[in-house]
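Following: one structure in C-alpha cells, then a few remarks.
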Amino acid sequence: MRMSPTSAQRIEALRRQITRANEAYNERDELLIPDADYDALVRELQALEQAHPELGSIDSPTATVGGRPSSRFTEVVHAVPMLSLGNAFSDEEVADFVRRIDDRLGRRTLAFSAEPKLDGLAISLRYEDGRFVQGATRGDGSKGEDVTANLRQIGDIPHRLHGRAWPDVLEVRGEVYMARADFEAYNERARLHGGKVLANPRNGAAGSLRQLDPKISAQRRLSFFAYGTGLVEGGELPDTHSQLLQQLRAWGFPVSDLCKVVTDTEGLLGYYRDVGERRDGLAFDIDGVVYKLDDREGQQAMGFVARAPRWAIAHKFPAQEQSTTVEAIEIQIGRTGAATPVARLAPVAVAGVIVSNATLHNADQIERLDVRVGDSVIVRRAGDVIPEVVSVILERRPQGTAAWQMPTQCPVCGSEIVREEGAAAWRCSGELSCPAQRKEAIAHFASRRAMDIDGLGNKYIETLVDAGIVRGVADLYRLTHDTLLQLKLVLDAEDPSALAASYQPHLPAEGSTAVLNAVLKLDANDPGWRAQALAQPIAFHWNTRKIATRWAGNLIAAIDASRNAALERLLFALGIEHVGESTAKALANWFGELELIRHLPWPLFKRVPDIGGEVARSLGHFFEQAGNQQAIDDLLQVGQVRIVDAHPPSAKLREGLDLAQLLVEAEIPGITRLRAEKLVAALSSAGAILDAEHGQFVNAGLPDDTARSLAHWLDSDSHGAMLLQAEQKMQDILRRAPAQAEQVAGPLDGQTAVLTGTLTALTRDAARERLEALGAKVASSVSKKTSFVVAGTEAGSKLDKAQSLGVPVWDEDQLLAFLASHE
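Quick look at the structure:
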C-alpha cells in the first residue's frame with residue numbers, strides 16, 4: 001500500500017502535537033488541550049500507524065509513556081517500568097478486550113478486578129524493611145522524579161508498613177489526587193487573595209508534588225489510593241490482584257472501596273454503568289474505570305505490548321473537560337447585586353451534558369485567564385459543580401481579539417456597577433430597585449429561615465415580578481386569592497390556547513369573549529407571554545369544581561402568619577450583604593428596634609461583638625439607599641409587617657461608648673484610642689472637631705501627619721456629616737439603654753459551639769436556640785476558638801477539623817444530657 005504524502009505529513013503533525021501536549025501535561029502540569037481532544041488525536045495516530053506500519057517509530061507517542069522527568073528533581077530509574085493503559089470508549093471495545101484474553105487463555109469464565117480510574121498523578125513508593133525510603137513520579141515510564149519529601153506530607157501514605165510479613169523490598173504503585181472539596185477550597189482561597197487558580201484537581205495534585213519546598217506541598221491537601229505493585233524482593237504476594245489489594249490495605253495503604261471483582265463482559269459493563277451513576281457524588285474525580293485480569297498467572301501469560309499490559313484496559317467516561325468557543329461574555333446580577341461574568345459558549349457536550357454557559361467567577365479571574373470573545377477555551381464540569389472556563393487555548397486565538405472589560409452599567413436596571421474597595425466582586429448599585437435583584441431578594445425574603453412563606457416558589461415569584469404585580473417585598477402582602485388562582489392557571493398552561501381553555505369555566509358569560517380573545521392574541525413564542533397574561537385584569541367567578549383552591553388559601557395563610565415577625569427574622573430577610581442569621585440575631589438583641597437600626601451610621605454597628613468593619617460598612621451602605629428605606633417603609637405600613645419583639649437597646653451598649661471610641665470605630669487613619677482621648681479632651685463634641693482647623697488638632701496632641709489626615713478625612717466622602725449623625729445616635733442610645741443591671745451568667749457564657757451532622761432528637765435550629773439560651777454563641781465554622789463541636793450522624797469536614805485541632809466533640813446524647821441538667 002503506497003503511502004500518500006498527505007498521510008505521512010499528518011502522522012508527523014500528530015506526533016508533534018501529541019508530544020507537545022504530553023510535555024506540557026507531564027512536565028509543566030499545563031493542559032494545552034482537554035482529555036477528549038487528546039484521546040481523539042492519539043486514536044487517529046494509532047489508526048494511521050496501523051495502516052502504515054512501515055512508518056512506525058520507537059519515538060512515537062503511541063509507543064512511549066508520559067514525559068521526561070524534570071531536571072529540578074533527582075532522577076529515579078524504575079526497577080519495574082511504570083506502564084500506561086490502553087483505552088476503551090465503547091461497549092464493543094470492552095467486549096473485544098475480553099475476547100482477546102479468552103482466545104489466548106481459553107478459559108470458560110474470566111474474573112476481573114474492576115477499579116475506578118482516578119484523575120491524579122501516578123507514583124511509585126519504595127519500602128525497605130517496612131520503611132518508606134523513596135517516592136517517584138511515573139515520568140516517561142522508565143525514569144521518574146524523586147519527590148519523596150513531598151510525598152511524606154501526604155497523611156494517607158504510611159511512613160512504616162503495618163502488620164507483618166511484608167517483603168524486604170516492596171514498591172507500591174498508586175495515584176496521588178486532590179479531593180474535590182480540597183480543590184474547591186484551595187481555588188476559593190486563591191480567588192479571594194489573587195493567587196493562581198488550579199485548572200483541575202489533577203493539575204493541583206501534580207503541581208503540589210512538584211513543589212521544591214515541601215512546606216508548600218503540605219499546604220495543599222492531597223490524598224492517595226494504592227492500586228498495584230512494582231518491584232518485590234524477599235517476599236511473596238497473593239495469587240490474585242483483588243487479594244493483593246486486600247493485602248495492601250492490611251499493610252496500611254488506602255484502597256478504593258469501589259474496587260470489585262466481576263466476571264466477563266456483562267460484569268465489566270455493569271460495573272462501568274454503576275460507577276458512572278455514582279461518579280458525580282464521589283469525593284474525587286475519576287475519568288473512567290480500569291479492568292484488570294484478576295489472575296496474576298494469567299496476567300503473565302498475556303504479557304505486554306509496547307507501552308501497556310494486554311491484561312488491563314481503561315474504560316473512559318464522557319470527558320469532564322472539552323474545548324469550545326466563547327461567543328460572548330455577559331454579566332449576571334445576583335440577589336445581593338454581585339455581577340458575575342458568564343461565558344456564552346458554542347454548545348458542547350461535557351460529562352454527558354450540553355453546556356452553553358460557563359462561569360468566569362469574577363473580573364480578576366477573566367484577567368488572569370485573559371479570556372476574550374472568540375477564544376477557544378477548555379470548559380470543565382465535574383459533578384454538580386457549575387461549568388467553568390479553566391484555560392484558554394492560546395494557539396487557536398483569532399487575530400483582532402480584545403481584552404474584556406467589566407461594563408460600567410447594570411444590564412438589567414442601568415445603575416452603576418461598582419467595585420468594593422479591596423474586594424474581587426463588582427456589584428450593581430441599584431439594590432432592591434434592580435429587577436434582577438428584586439426576584440432574588442423576594443425569594444430570599446420568603447425563604448424558610450427568613451419570613452417562612454411556605455408555598456411561594458421561585459416560578460411564582462418570577463412570573464409575579466415580570467407581570468408587575470409584585471414590585472417589592474411589601475407587595476407579597478397585597479396578593480389576593482384571585483391573583484394566586486390565576487397565576488396557577490397561567491403557569492400550568494402550555495400555550496395561550498390552553499390558557500384560554502382553562503379560563504373559560506371561571507368566566508361569566510358576559511364579557512368572556514373579549515377576555516379569551518385577548519389571551520389568544522398572546523404570542524406563544526414570546527418568553528414573557530405568561531407574565532402578560534397575568535397582568536391582564538380579569539373578574540373571575542371561580543368554579544370550585546374545576547379548580548383546586550385550598551393551596552391558595554394555605555399560601556395566603558402563610559403570608560398572613562409572617563406579618564407578625566421577630567426582628568432578627570426580618571433583618572435576615574432583607575438580604576443585607578454579609579448579614580446572616582447569626583448577625584441578624586445579634587443586631588436584634590443589641591439594638592432592639594428596627595427604627596434605631598435602620599438609621600444608624602455604620603461605625604456604631606461595630607459595637608456589637610463579632611461585627612467588624614466590613615459587615616458594619618455593608619449595613620451602613622444598605623440603609624443609605626433610598627430604595628431600601630422605601631421598601632422598609634412599605635413593609636411597615638399598617639396591615640403589612642409588625643415587629644413583635646421590639647425592646648430598648650441592650651445595657652451592654654453603654655460600656656465604653658463615648659465620642660473617643662466613636663472616632664476609633666470610624667477607622668480614621670492614624671486615630672488610636674489614646675489620640676482620640678486627647679482630641680476629645682480639647683474638642684469635646686463632633687461639631688467642635690468638624691469646625692476645628694489643622695493647628696487645633698496639633699495643639700490637641702496629634703502628630704502633624706495625623707492632624708492633616710484627620711482634616712482630609714473630615715472633608716471627604718461626607719465623613720463630617722456621618723460623624724455628627726453618629727454622635728447624635730450615640731447620645732440617643734445612651735439615653736434609651738437601661739443602666740447596666742447585674743446579670744446571671746449562663747453556663748455557656750463566653751463559649752462558642754458548632755453543630756454538624758444530623759441530630760435525631762431535635763432539629764439543628766432547636767439545638768441552636770437552646771444552646772444560645774444558655775449563653776453560647778453558635779458559629780458556622782470550626783476554629784481554634786471553638787469551645788466544643790456537637791456532631792450528629794454523617795458529620796463531615798467540621799468534625800475532621802475539630803479532631804485535628806483538638807476541639808472537644810460531643811455526641812447527641814452528651815448534648816441532651818447537658819441541656820437537661822442546665823435548663
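According to full-length UniProt numbering, the sequence shown holds residues 1 to 823 in order.
Idealized CB from N, CA, C, for every residue including glycine.
Give me the DSSP bridge partner(s) of residue i.
{"i": "H315", "result": "A88 and V289"}
{"i": "I643", "result": "A565"}
{"i": "K124", "result": "Just to set this straight, residue 124 is Ser in the shown sequence, not Lys. Bridge partners of S124: A136 and R173."}
{"i": "L345", "result": "V326"}
{"i": "A111", "result": "T263"}
{"i": "I378", "result": "S323 and S391"}
{"i": "Q409", "result": "E416"}
{"i": "V789", "result": "V754 and V809"}
{"i": "W542", "result": "Beta-bridge pairing links W542 to no other residue."}
{"i": "E75", "result": "E145"}
{"i": "G228", "result": "R173"}
{"i": "K117", "result": "G288"}
Should residue i go down as buried or exposed, given a rule of 16 or more other Cβ atoms within 10 Å for buried?
{"i": "W404", "result": "buried"}
{"i": "H162", "result": "exposed"}
{"i": "K585", "result": "buried"}
{"i": "T324", "result": "buried"}
{"i": "P34", "result": "buried"}
{"i": "A446", "result": "buried"}
{"i": "P69", "result": "Per-residue confidence for P69 stands at a pLDDT of 49, beneath the threshold of 50, marking its modelled position as unreliable; the derived number appears in the next sentence. The residue is buried, with at least 16 neighbouring Cβ atoms inside 10 Å."}
{"i": "L365", "result": "Before going on, a small fix: residue 365 reads as Gln here, not Leu. Answer is buried; the Cβ neighbour count reaches 16."}
{"i": "H712", "result": "exposed"}
{"i": "F788", "result": "buried"}
{"i": "N362", "result": "buried"}
{"i": "V133", "result": "exposed"}
{"i": "H822", "result": "exposed"}
{"i": "T752", "result": "buried"}
{"i": "E171", "result": "buried"}
Whose CA, out of the options, lies closest to the CA of residue i?
{"i": "R296", "options": "A565, A136 and E236", "result": "E236"}
{"i": "N699", "options": "D285, R99 and A682", "result": "A682"}
{"i": "S84", "options": "V392, P649 and D140", "result": "D140"}
{"i": "R617", "options": "A358, E462, A626 and F605", "result": "F605"}
{"i": "residue 870", "options": "R563, I733 and A501", "result": "Only positions 1 to 823 of the chain appear in the structure, and residue 870 is not among them; the question remains open."}
{"i": "A528", "options": "V515, I538, E494 and P505", "result": "In the sequence under discussion, the amino acid at residue 528 is Gly, which differs from the Ala named in the question. Ranking the options by Cα distance to G528, first place goes to E494."}
{"i": "A739", "options": "F132, V392 and E655", "result": "E655"}
{"i": "H256", "options": "P116, M302 and L268", "result": "It is worth fixing the name first, because residue 256 is Ser in this sequence and not His. Nearest C-alpha to S256: P116."}
{"i": "N628", "options": "L574, S716 and P669", "result": "L574"}
{"i": "T359", "options": "S376, G352, A349 and P341", "result": "P341"}
{"i": "H193", "options": "Q322, R368 and A79", "result": "R368"}
{"i": "A218", "options": "D96, A149 and I393", "result": "A149"}
{"i": "H506", "options": "N517, L522, S497 and L489", "result": "L489"}
{"i": "W590", "options": "R736, I671 and L759", "result": "R736"}
Under the three-state reduction of DSSP, which class applies to residue i: helix, strand or coil?
{"i": "W166", "result": "coil"}
{"i": "E593", "result": "coil"}
{"i": "R10", "result": "helix"}
{"i": "F445", "result": "helix"}
{"i": "V465", "result": "helix"}
{"i": "R221", "result": "coil"}
{"i": "P309", "result": "strand"}
{"i": "S70", "result": "The pLDDT assigned to S70 is 47, lower than 50, so where the model puts this residue is not dependable, and the model offers no usable value."}
{"i": "S804", "result": "helix"}
{"i": "F818", "result": "helix"}
{"i": "V147", "result": "coil"}
{"i": "V579", "result": "coil"}
{"i": "V350", "result": "strand"}
{"i": "K521", "result": "coil"}
{"i": "V255", "result": "coil"}
{"i": "S502", "result": "helix"}
{"i": "S512", "result": "helix"}
{"i": "D274", "result": "helix"}
{"i": "S429", "result": "coil"}
{"i": "D295", "result": "strand"}
{"i": "R160", "result": "strand"}
Less than 7 Å between the CB of residue i and some heavy atom of the ligand HEM, yes or no?
{"i": "P341", "result": "As far as ligands go, the structure on display features none, and thus does not contain the ligand HEM."}
Entirely within the stretch 615-679 and at least 3 residues each: give me those beta strand (DSSP E) ranges in chain order. The stretch 615-679 contains no whole beta strand (DSSP E) run of 3 or more residues.
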